[in-house]
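Scroll down for the structure; my scribbles are underneath it.
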Amino acid sequence: MEPIQQHEGLVYPINRSNIDTDQIIPKQFLKRIERQGFGQFLFYNWRFHDDGTPREDFSLNNPVYEAASILVAGENFGCGSSREHAPWALQDFGFRVIIAPSFADIFYNNCSKNGILPIALKQEEVEAIMTAAESSSYHLTADLEAQRVYDNQGFEASFDITSYMREMLLNGWDEISVTLTHEDKISQFEAARG
Amino acid sequence: MGRPQTIVEKIWDTHVIHQEENKPDLLYIDLHLVHEVTSPQAFEGLRMKNRKVRRPDRTFATMDHNVPTIARHFISDPVSRKQMETLYDNCQEFDIPLADINHPDQGIVHVIGPQLGLTQPGKTIVCGDSHTSTHGAFGALAFGIGTSEVEHVLAAQSIWQARPKTMNVKVNGRLSPSVTAKDLILAIIGKFGVRFGTGYVLEFTGEAIENLTMEERMTICNMSIEAGARAGLISPDDTTVEFLRGRRHAPEGAAFEEAAASWKALATDDGAAYDAVVSIDAEEVEPQVTWGINPGMCLPVSGTVPSPAQAETDAEREEIERALDYMGLEAGQAITSVPIQHVFIGSCTNSRLSDLERAAEVIRGQQVHEDVRALVVPGSQTVKQQAEEKGIDKIFTDAGFEWREAGCSMCLAMNDDVVPPGERCASTSNRNFEGRQGNGARTHLVAPEMAAAAAVEGRFTDVRKFQQTPV
Chain A
40 MEPIQQHEGL VYPINRSNID TDQIIPKQFL KRIERQGFGQ FLFYNWRFHD
90 DGTPREDFSL NNPVYEAASI LVAGENFGCG SSREHAPWAL QDFGFRVIIA
140 PSFADIFYNN CSKNGILPIA LKQEEVEAIM TAAESSSYHL TADLEAQRVY
190 DNQGFEASFD ITSYMREMLL NGWDEISVTL THEDKISQFE AARG
Chain B
9 MGRPQTIVEK IWDTHVIHQE ENKPDLLYID LHLVHEVTSP QAFEGLRMKN
59 RKVRRPDRTF ATMDHNVPTI ARHFISDPVS RKQMETLYDN CQEFDIPLAD
109 INHPDQGIVH VIGPQLGLTQ PGKTIVCGDS HTSTHGAFGA LAFGIGTSEV
159 EHVLAAQSIW QARPKTMNVK VNGRLSPSVT AKDLILAIIG KFGVRFGTGY
209 VLEFTGEAIE NLTMEERMTI CNMSIEAGAR AGLISPDDTT VEFLRGRRHA
259 PEGAAFEEAA ASWKALATDD GAAYDAVVSI DAEEVEPQVT WGINPGMCLP
309 VSGTVPSPAQ AETDAEREEI ERALDYMGLE AGQAITSVPI QHVFIGSCTN
359 SRLSDLERAA EVIRGQQVHE DVRALVVPGS QTVKQQAEEK GIDKIFTDAG
409 FEWREAGCSM CLAMNDDVVP PGERCASTSN RNFEGRQGNG ARTHLVAPEM
459 AAAAAVEGRF TDVRKFQQTP V
């Protein structure tokens, strides 16, 4: 996967909590057998009318967000279904960083396998970013190495991430290759259990 | 004697392959369940790197999410058909046992695992599906994973996992008559919210839990994920052991008795410490109906739809407003005043034989309301056949229900079983998210009995009243 060390980008705010993966990518698009091309279906039922025309009242359809690569949302982002199509759709649309006060466990994990950096910040920090992004074109930098997020107007916040996930994202490692260096131990474990 | 341990600690400690500072543990996986929707990209990943499936004998596949529940031998949607053919080809290529659409064992992956005895206490079980938590009912550590992890488990029969925190969800006292496991888990999520389990493995304990049958326990553990917990489990006991006795993949004879003793020894020790504890009194639980757009938005059937004015925060107020708008409900409206157009009895939460039997008892001799279309989708072909042997299909069809073939069906509406925009469904499934049962569809989660009663009345009604005074 593509490594991520430092990322600077336009912030797209979506001020809702409990955004589930059914909203991020509805089930009608899970029938495909490819990994690519899911960006066009991101937030589909919110972005489009039944006839496929864009909904003007959904902010992601505003052309100013075409270049957005950082998404900021409310609590419990990515809850529900384990579908990895959700991070695939976010990534394919152009998002590399997601900021929220909290994430659902499976989604958080899935992000890290796809070069997307999920950043959990304090509620008030998320609100500050949300307010700034709702009122103007707002850019942030996420620095994974330093575990901090900042803008050029003095906002700064630090975030936690496990050292394992940090290494994986920084280096873009293929996790299976890492695991298979322990193949002898897997075999020993299997042999010992009979 | 060592320190008292929870079942989670016991399972964890016997499955760690490799431990290193500042890293998650490498955990061995005993059983990997596979279905057509979340696996094709994983198999493709193996092929691209020229990797093999390490343990096809610890892997089991079926087709469930996408399968038609009528005319199942002709799949009209070419994209769905391609996905199922892909699973078939992948299982052939990698030598994985498959219960495909023509196989008598076919069914919802979380129904057939237990049914075949593949699901056993103490096992680590994963599947590319969030409702894998269902298998925790047996005292297994079972959780949903993404497709990258599906590929990882196929290749390495293991997964990197940080040792989870544990939470004791204690259910005191006994459930009232006619209050079901579904009502209990909805009430728990309603009381503590859709995020209280995030980062934890839930262990359900207490008298009300001990009294549940295995199928009821599966309903409870199934919805752990709707509380944010990847896994939820229940310590094994005699109920667990007796359910597994004689199942196809369970040990036989003396080996079974030996296994049974080791299973029961997995139960959480008296005095074991959890990272968190919550409790609820079973007596306070009434039949539940969800009114909103997540499973925590639920009410006792005697309740009224909440008002945004009750919210404690702006975020909560906006959430209630959005839910009312999507659901087409008014604050203060009695939930029993809400007319429905669809009833769905099925899903990995409530499609087992006992679910169908209990719903059939409510519907027996009644007629589905003229404004309602009602569907029963058994969880597996075996459940369907067993129900038919008992004449349960006849009770449903006589009442005007459609009796379908096994699959996930209208729980997520990936096949043709879809609720049209703006219409309302009383559903025994697990998620009332926006668009879950169809774009614009309005889902109300209920127990099978409540769904059956709603089918007759054409609106929600307290099944207890219904059971006492048949129309």
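So the sequences go chain by chain: A and B.
Residue numbering for the first sequence is 40 to 233, as defined by our numbering.
Residue numbering for the second sequence is 9 to 479, as defined by our numbering.
Glycine is no exception: its CB is placed at the ideal position from the N, C-alpha and C atoms.
It should be emphasised that the depicted structure is a prediction, and the values quoted were computed from it without experimental measurement.
Got a sec: is the Cβ-Cβ distance from residue i to anything in chain B below 9 Å?
i                 : result
ASN149 of chain A : yes
ALA128 of chain A : no
ILE200 of chain A : no
HIS221 of chain A : yes
LEU110 of chain A : no
ASP59 of chain A  : yes
ILE315 of chain A : Absent from the structure is residue 315 of chain A, since the part of chain A shown begins at 40 and ends at 233.
TYR203 of chain A : yes
LYS152 of chain A : yes
LYS161 of chain A : no
PHE132 of chain A : no
GLU41 of chain A  : no
ARG71 of chain A  : yes
Measure the beta-carbon distance from residue i to residue j and round it to whole angstroms, keeping in mind my assumption that it falls under 8 Å.
i                 : j                 : result
TYR208 of chain B : LYS178 of chain B : Not quite, the Cβ-Cβ distance comes to about 14 Å (not below 8 Å), so this is no contact.
LEU179 of chain A : ILE168 of chain A : 7 Å
SER141 of chain B : SER232 of chain B : 4 Å
ASP137 of chain B : GLY415 of chain B : With 8 Å as the limit, ASP137 of chain B and GLY415 of chain B do not qualify as a contact, their Cβ atoms being about 13 Å apart.
ALA125 of chain A : ARG55 of chain A  : That belief does not hold up - the Cβ atoms of ALA125 of chain A and ARG55 of chain A are roughly 15 Å apart, past 8 Å.
ARG182 of chain B : ASN230 of chain B : Actually they are not in contact, since the Cβ atoms of ARG182 of chain B and ASN230 of chain B sit about 21 Å apart, beyond 8 Å.
SER184 of chain B : GLU291 of chain B : 6 Å
VAL202 of chain B : VAL293 of chain B : 18 Å between Cβ atoms; not a contact.
Give the DSSP-derived three-state secondary structure of residue i in the structure shown.
i                 : result
ILE353 of chain B : strand
HIS26 of chain B  : strand
PRO478 of chain B : Annotation note: pLDDT 45 at PRO478 of chain B (below 50); position unreliable, coordinate value reported separately. If DSSP states are grouped into helix, strand and coil, PRO478 of chain B belongs with coil.
GLU163 of chain A : helix
ARG187 of chain A : strand
LYS131 of chain B : coil
PRO42 of chain A  : coil
GLN393 of chain B : helix
MET71 of chain B  : coil
ILE206 of chain B : In the sequence as displayed, the identity of residue 206 of chain B is Thr instead of Ile. Three-state DSSP puts THR206 of chain B in coil, outside helix and strand.
PRO316 of chain B : helix
PHE146 of chain A : helix
GLU47 of chain A  : strand
ASP182 of chain A : strand
Does the beta carbon of residue i sit closer than 9 Å to a beta carbon anywhere in chain A?
i                 : result
PRO478 of chain B : Only weak support exists for where PRO478 of chain B lies, its pLDDT of 45 falling under 50; the value from the coordinates is given anyway. Answer no: the Cβ-Cβ gap between PRO478 of chain B and chain A never drops below 9 Å.
PHE441 of chain B : yes
GLU320 of chain B : no
GLN165 of chain B : yes
SER435 of chain B : no
HIS350 of chain B : no
LEU34 of chain B  : yes
ASN358 of chain B : no
PRO129 of chain B : no
ASN302 of chain B : yes
ILE233 of chain B : yes
Return the residue from the list the options that minimises the CA-CA distance to residue i.
i                 : options                                   : result
ASN74 of chain B  : B:THR94, B:ARG203, B:VAL249 and B:GLU223  : B:THR94
GLU184 of chain A : A:GLU164, A:GLU195 and A:GLU206           : A:GLU206
GLY443 of chain B : B:ALA462, B:ALA421, B:ALA455 and B:ALA463 : B:ALA421
ARG171 of chain B : B:TYR36, B:ALA462, B:LEU332 and B:ALA463  : B:TYR36
SER226 of chain A : B:MET226, B:LEU34 and B:ASN180            : B:LEU34
ALA368 of chain B : B:VAL391, B:GLY399 and B:LEU39            : B:GLY399
ALA284 of chain B : B:SER315, B:MET305, B:ALA237 and B:ALA263 : B:ALA237
GLU465 of chain B : B:GLU431, B:THR451 and B:HIS350           : B:HIS350
CYS118 of chain A : A:ALA139, A:GLU195, A:ASP190 and A:PHE77  : A:ALA139
VAL61 of chain B  : B:ILE83, B:GLN100, B:PHE82 and B:VAL24    : B:GLN100
ASN98 of chain B  : B:GLU431, B:HIS43, B:ILE167 and B:ARG256  : B:HIS43
Does the ligand SAH have even one heavy atom less than 8 Å from the beta-carbon of residue i?
i                 : result
GLU214 of chain A : The ligand SAH is absent from the structure shown, which contains no ligands of any kind.
Review point. Looking at C-beta atoms only, is the number of pairs between the region 193-204 of chain B and the region 298-305 of chain B that lie closer than 8 Å three or more?
Key: yes
**Study point:** Three-pair Cβ contact test at 8 Å for the region 433-450 of chain B versus the region 341-356 of chain B
**Key:** yes
Check your understanding: Within the chosen definition, does the region 41-52 of chain B reach the region 149-160 of chain B through at least 3 CB pairs nearer than 8 Å?
Key -> yes
Exercise for review: Could you please tell me which residues of the region 81-96 of chain B, in chain order, have their CB closer than 9 Å to any CB of chain E?
Suggested key: Annotation note: the requested chain E is absent from the structure, which comprises protein chains A and B.
Check your understanding: Taking one C-beta from the region 329-346 of chain B and one from the region 401-408 of chain B each time, how about it: are there three or more such pairs within less than 8 Å?
Key -> no
Check your understanding: So does the region 101-115 of chain A actually touch the region 40-49 of chain A, counting three or more Cβ pairs closer than 8 Å?
Key -> yes
Exercise for review: Specify whether the region 422-432 of chain B and the region 74-88 of chain B touch according to this definition: at least 3 beta carbon pairs, one from each stretch, less than 8 Å apart.
Suggested key: yes
**Study point:** Cβ contact check for the region 310-317 of chain B and the region 213-222 of chain B: 3 or more pairs under 8 Å
**Key:** no
Check your understanding: Counting pairs of beta carbons, one from the region 458-469 of chain B and one from the region 318-329 of chain B, are three or more of them closer than 8 Å?
Key -> no
Check your understanding: Does the region 385-394 of chain B come within contact of the region 113-130 of chain B, defined as at least 3 CB pairs closer than 8 Å?
Key -> yes
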